[in-house]
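Trainee:
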């Protein structure tokens with residue numbers, strides 16, 4: 001056989017090897033260190049110390065020396081001097097063609113020519129350490145290319161694996177430079193990437209394959225001497241600031257910014273640096289414009305330099321007078337007459353729509369989008385036309401704005417009959433689409449309970465989607481928990497009344513309504529308060545309904561609010577009535593303490609509010625959990641009952657939590673509740689740790705774990721990195737060191753070397 005090759009009819013036995021053509025590498029059987037197991041591997045031939053660079057059967061060793069290496073039919077195994085082991089079809093004479101190569105399946109050694117990350121065959125290639133010097137099976141450490149997504153993981157004991165529960169970017173358009181230079185990303189388009197006006201794809205074939213990284217080039221080259229101009233791009237995320245500058249004079253107007261940029265032939269774009277009021281100050285960009293994102297309503301105005309022939313007459317900010325001369329008076333008259341007829345027809349059509357609702361052919365019509373006709377009949381909700389809602393909200397004026405929800409603004413309105421309403425107007429770039437909108441309508445339409453918000457109707461017309469609710473004059477519970485002044489108006493009687501009302505509403509959803517409803521986003525901002533401070537559960541856009549005996553489901557799309565989501569839902573996407581019970585428990589503890597679970601801090605530990613409550617319970621310091629504003633006036637029996645309910649509901653495992661029906665029986669079962677809590681009070685508190693990450697900076701000898709706290713304030717930098725403002729504190733909270741910024745490529749709280757810092761003492 002050739003020294004560097006074996007064919008399908010040949011074998012390599014334990015005492016045989018093959019050597020690459022240049023004599024650098026050798027393949028055969030070996031035993032690492034003091035191990036008696038046998039492995040197939042590749043090592044350096046000319047180095048006396050056997051340096052193993054690749055192992056074939058690292059996780060499945062042979063127990064003796066009887067092993068044989070043999071190929072399947074039509075295969076030829078070749079050990080290349082370029083450090084690679086390949087398998088080729090014996091009938092294919094092209095050297096570059098191969099069926100398999102060791103470079104696609106490396107173990108712990110990175111060799112020249114090897115590629116890490118996602119390779120053309122769709123494989124994700126990375127290195128992994130040996131378990132020990134005697135055991136080449138996969139160890140605890142890996143070396144791999146970061147995918148550019150900042151993620152947070154939690155260890156799941158049940159599956160012995162890391163599970164991602166939070167990541168950024170949130171969507172494709174948050175990926176840095178996804179569309180390349182002079183490209184723009186719009187999450188509402190398909191595909192999401194497109195070239196700016198006046199630009200074309202640099203490599204059209206790549207764009208056809210959804211590879212936009214090459215970006216776009218100008219259709220018409222700039223000619224500074226012949227008078228370039230600028231095109232306005234409204235509602236965009238400004239380009240990467242790496243090649244930008246800011247003018248020190250913050251009083252400059254937009255027109256002055258244009259003149260400064262126009263005089264500099266290298267200036268490619270400008271925008272206001274201060275967007276408050278009418279805007280002032282100047283940003284200037286030089287070179288390629290990268291990482292632009294298009295929004296529907298938000299964002300800033302960007303002015304991009306274009307050749308004079310490309311400037312749109314209606315959109316250019318570089319004003320040019322264009323004189324249009326009519327050829328004949330009769331032609332002008334015909335145009336005006338046509339416009340008049342069209343206007344009258346349009347007015348008649350709009351009048352008809354106001355009386356009949358949105359047109360039946362409309363693609364986004366809620367009723368028309370249902371697949372079955374009887375769903376329209378079952379809805380039993382009035383439809384409001386857009387003009388009625390616009391008039392009721394004073395054309396959605398700022399003075400009528402009640403707040404900004406997760407899916408859009410909420411306005412106060414007044415119908416002609418004097419009925420006050422709250423209008424939830426779905427934002428055009430909201431993550432809640434038509435499905436979630438319909439889901440909320442269907443969930444609430446037939447739910448009738450004093451502790452659920454009442455849906456009065458809906459409006460869906462053209463791109464507008466709105467829900468019309470009864471108006472809640474006291475707004476949301478969130479206002480009272482987060483505001484110290486407002487919280488003073490919540491005495492103990494009122495707090496217990498709110499807890500009881502939420503409990504009744506949730507019990508109705510889980511047990512007493514026609515369908516079993518799981519809310520999935522129970523939090524203070526979704527608890528509205530009427531004029532008598534009766535709590536009403538709202539916002540059913542993420543709710544799920546179940547039929548018959550169904551009790552749980554699983555989803556890959558985890559929605560909700562961290563701090564209120566149960567562990568099994570946040571980590572595994574598993575939700576059930578017990579998920580809502582967990583959220584209810586968080587609400588109870590927040591109402592009792594007047595503090596938020598997220599962002600809670602305490603000088604004696606680094607736990608969140610739930611962990612703090614567990615500590616106080618184990619120490620018998622029940623009243624220390626209660627808001628100081630109501631300690632003197634509270635009913636001790638009701639306080640203890642509420643604490644027990646809250647703690648029972650936030651237990652780690654869903655099977656340990658009560659149902660909402662059993663929550664109501666705890667009044668007469670305090671002793672049983674205390675026993676259940678005492679039994680589970682030994683559970684670990686790591687799950688209740690706050691989100692602050694811990695690790696000492698590298699210039700110090702790492703002290704014992706937990707003595708140093710690193711507070712990170714995250715913000716996006718101008719690169720594919722996440723920037724942080726950092727300070728290091730000791731156990732007493734004193735600042736030890738601080739850093740202006742740090743870049744974290746990967747994070748393992750147990751390994752200080754996973755982090756690199758640049759800091760000043």
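Numbering (the UniProt record's numbering), first residue to last: 1 to 761. Positions of the beta carbon are idealized from the N, C-alpha and C atoms, including for glycine. All values derive from a computational prediction rather than experimental measurement.
Let's test the definition: count the other Cβ atoms within 10 Å of the Cβ of residue 113 and tell me whether it reaches 16, buried, or not, exposed.
Mentor: Locating residue 113 in the chain shown gives position 113, counting from the first residue. Label assigned to residue 113: exposed.
Trainee: Counting only runs that start and end within the region 565 to 621, where is the alpha helix (DSSP H) found for 4 or more residues in a row?
Mentor: DSSP runs (the alpha helix (DSSP H)) wholly in the region 565 to 621: 567 to 572, 577 to 593 and 609 to 618.
Trainee: For residue 261, report the span of its beta strand (DSSP E) as first-last.
Mentor: Stepping through the chain shown from its first residue, residue 261 is reached at position 261. Looking at the DSSP string, residue 261 is not in any beta strand (DSSP E); the run it does join, the alpha helix (DSSP H), is 254 to 263.
Trainee: Do three or more CB pairs link the region 130 to 138 to the region 23 to 38 at distances below 8 Å?
Mentor: Contact annotation: the region 130 to 138 touches the region 23 to 38, with at least three C-beta pairs closer than 8 Å.
Trainee: Name the residue from 423, 491 and 528 whose alpha carbon lies nearest to the alpha carbon of residue 473.
Mentor: The sequence position of residue 473 within the chain shown is 473, counting from 1. Here the closest residue by C-alpha is 528.
Trainee: In whole angstroms, what is the alpha-carbon distance linking residue 479 and residue 488?
Mentor: Here residue 479 corresponds to residue number 479 of the chain shown, with the count starting at 1. Here residue 488 corresponds to residue number 488 of the chain shown, with the count starting at 1. Roughly 12 Å between the two C-alpha positions.
Trainee: Is it buried or exposed for residue 536, if we count other Cβ within 10 angstroms and need 16 for buried?
Mentor: Numbered from 1 along the chain shown, position 536 holds the residue referred to as residue 536. It counts as buried.
Trainee: Under 9 Å between the Cβ atoms of residue 413 and residue 307?
Mentor: The residue you call residue 413 lines up with position 413 of the chain shown. The residue you call residue 307 lines up with position 307 of the chain shown. With respect to the 9 Å criterion, residue 413 and residue 307 are not classified as neighbours on the basis of their beta carbons.
Trainee: Ignoring anything shorter than 3 residues, give me the beta strand (DSSP E) runs that lie fully in the region 397 to 478, in order along the chain.
Mentor: Complete beta strand (DSSP E) runs here, min 3: 401 to 405, 408 to 414, 420 to 425, 455 to 461 and 464 to 470.
Trainee: Can you list the alpha helix (DSSP H) stretches of 4 or more residues lying completely in the region 152 to 198, in chain order?
Mentor: none
Trainee: Only counting the same chain, and skipping five residues up and downstream in sequence, which positions put a Cβ closer than 8 Å to that of residue 508?
Mentor: As a first step, residue 508 must be located in the chain shown, where it is residue number 508. Correct list, in chain order: 447, 449, 451 and 452.
Trainee: Determine the direct distance from the alpha carbon of residue 257 to that of residue 285, and round the result to whole angstroms.
Mentor: Within the chain shown, the letter at position 285 stands for residue 285. Within the chain shown, the letter at position 257 stands for residue 257. Whole-angstrom Cα-Cα distance: 12 Å.
Trainee: In three-state terms, what does DSSP make of residue 498?
Mentor: The residue given as residue 498 occupies position 498 in the chain shown. Here residue 498 sits in helix by DSSP.
Trainee: Quick one: any contact between the region 640 to 649 and the region 574 to 593, if contact means 3 or more CB pairs under 8 Å?
Mentor: yes
Trainee: Report the residue from 392, 159 and 409 whose alpha carbon sits nearest the alpha carbon of residue 421.
Mentor: As a first step, residue 421 is located in the chain shown; it is residue number 421 there, counting from the start. Ranking 392, 159 and 409 by CA distance to the CA of residue 421 puts 392 first.
Trainee: Find the nearest neighbour of residue 117 within the set 127, 109, 111 and 108, judged by alpha-carbon distance.
Mentor: Taking the chain shown and counting its residues from 1, the one referred to as residue 117 is at position 117. The residue from 127, 109, 111 and 108 with its alpha-carbon nearest to that of residue 117 is 127.
Trainee: Just tell me which of 65, 425 and 400 has its CA closest to the CA of residue 408.
Mentor: By 1-based counting over the chain shown, the position of residue 408 is 408. Cα-wise, what sits closest to residue 408 is 425.
Trainee: Which word fits residue 562, buried or exposed, when buried means at least 16 other C-beta atoms lie within 10 angstroms of its C-beta?
Mentor: The sequence position of residue 562 within the chain shown is 562, counting from 1. Residue 562 should be labelled exposed.
Trainee: Taking the alpha-carbon positions, what's the residue 382 to residue 401 distance?
Mentor: In the chain shown, counting from the first residue as 1, residue 382 sits at position 382. In the chain shown, counting from the first residue as 1, residue 401 sits at position 401. For residue 382 and residue 401, the distance between alpha carbons rounds to 23 Å.
Trainee: Looking only at DSSP bridge pairs, what is residue 224 linked to?
Mentor: Here residue 224 refers to the residue found at position 224 of the chain shown. DSSP lists no partner for residue 224.
Trainee: State the beta-bridge partners of residue 519 as determined by DSSP.
Mentor: Position 519 of the chain shown, counting from 1, holds the residue named residue 519. DSSP, once it has assigned bridges, lists no residue as partnering residue 519.
Trainee: Count the CB pairs spanning the region 653 to 662 and the region 500 to 507 that are closer than 8 Å, and state whether there are at least three.
Mentor: yes
Trainee: Distance check for residue 519 and residue 183, CA to CA, integer angstroms please.
Mentor: Within the chain shown, residue 183 is the residue found at index 183, counting from 1. Within the chain shown, residue 519 is the residue found at index 519, counting from 1. Between residue 183 and residue 519, the C-alpha separation is close to 40 Å.
Trainee: Starting from the Cα of residue 22, find the closest Cα among 411, 71, 458 and 5 and give me that residue.
Mentor: Mapped onto the chain shown, residue 22 falls at position 22. Closest by alpha carbon: 5.
Trainee: I think residue 234 touches residue 291, with their Cβ atoms under 8 Å apart; what is that distance to the nearest whole Å?
Mentor: Your numbering for residue 234 matches position 234 in the chain shown. Your numbering for residue 291 matches position 291 in the chain shown. With 8 Å as the limit, residue 234 and residue 291 do not qualify as a contact, their Cβ atoms being about 17 Å apart.
Trainee: Can you list, in chain order, the residues of its chain whose CB lies under 6 Å from that of residue 325, leaving out five sequence neighbours each side?
Mentor: For this step, residue 325 is matched to residue 325 along the chain shown. For residue 325, the pLDDT reaches just 36, beneath the cut-off of 50, and the residue's location in the model is therefore unreliable, although a value from the coordinates is still provided. Nothing listed; no residue qualifies.
Trainee: From residue 163 to residue 279, what does the alpha carbon distance come to, in whole angstroms?
Mentor: On the chain shown, residue 163 is found 163 positions in, with the first residue counted as 1. On the chain shown, residue 279 is found 279 positions in, with the first residue counted as 1. About 45 Å.
Trainee: Please name the residue, chosen from 568, 632, 634 and 629, that lies closest to residue 159 on a Cα-to-Cα basis.
Mentor: What you label residue 159 is simply residue 159 of the chain shown in a count that begins at 1. Nearest option by C-alpha distance: 568.
Trainee: Please report the straight-line C-alpha distance between residue 639 and residue 492, rounded to a whole angstrom.
Mentor: Counted from its first residue, the chain shown places residue 639 at position 639. Counted from its first residue, the chain shown places residue 492 at position 492. Each residue's alpha carbon lies about 9 Å from the other.
Trainee: Does residue 49 pass the burial test, meaning 16 or more other C-beta atoms within 10 Å, or should it be called exposed?
Mentor: Here residue 49 refers to the residue found at position 49 when the chain shown is read from its first residue. The residue is exposed, with fewer than 16 neighbouring Cβ atoms inside 10 Å.
Trainee: Report the option in 619, 293 and 153 whose CA atom is closest to the CA atom of residue 189.
Mentor: Your numbering for residue 189 matches position 189 in the chain shown. Check the Cα spacing between residue 189 and each of 619, 293 and 153: the tightest is with 293.
Trainee: Are there 16 or more other CB atoms within 10 angstroms of the CB of residue 150, so buried, or fewer, so exposed?
Mentor: Indexing the chain shown from 1 puts residue 150 at position 150. When all chains shown are included, residue 150 counts as buried.
Trainee: Going straight from the alpha carbon of residue 733 to that of residue 620, what length do you get?
Mentor: Along the chain shown, read from residue 1 onward, the residue named residue 733 stands at position 733. Along the chain shown, read from residue 1 onward, the residue named residue 620 stands at position 620. Since pLDDT at residue 733 reaches only 47, below the 50 mark, its modelled position is unreliable, and no value is offered.
Trainee: For residue 268, does the three-state DSSP call read helix, strand or coil?
Mentor: Taking the first residue of the chain shown as position 1, residue 268 is located at position 268. Three-state DSSP puts residue 268 in a strand.
Trainee: With distances taken between CB atoms, is the gap from residue 212 to residue 178 smaller than 9 Å?
Mentor: Residue mapping note: residue 212 aligns to position 212 of the chain shown, counting from 1. Residue mapping note: residue 178 aligns to position 178 of the chain shown, counting from 1. Yes, these two residues count as a Cβ contact at 9 Å.
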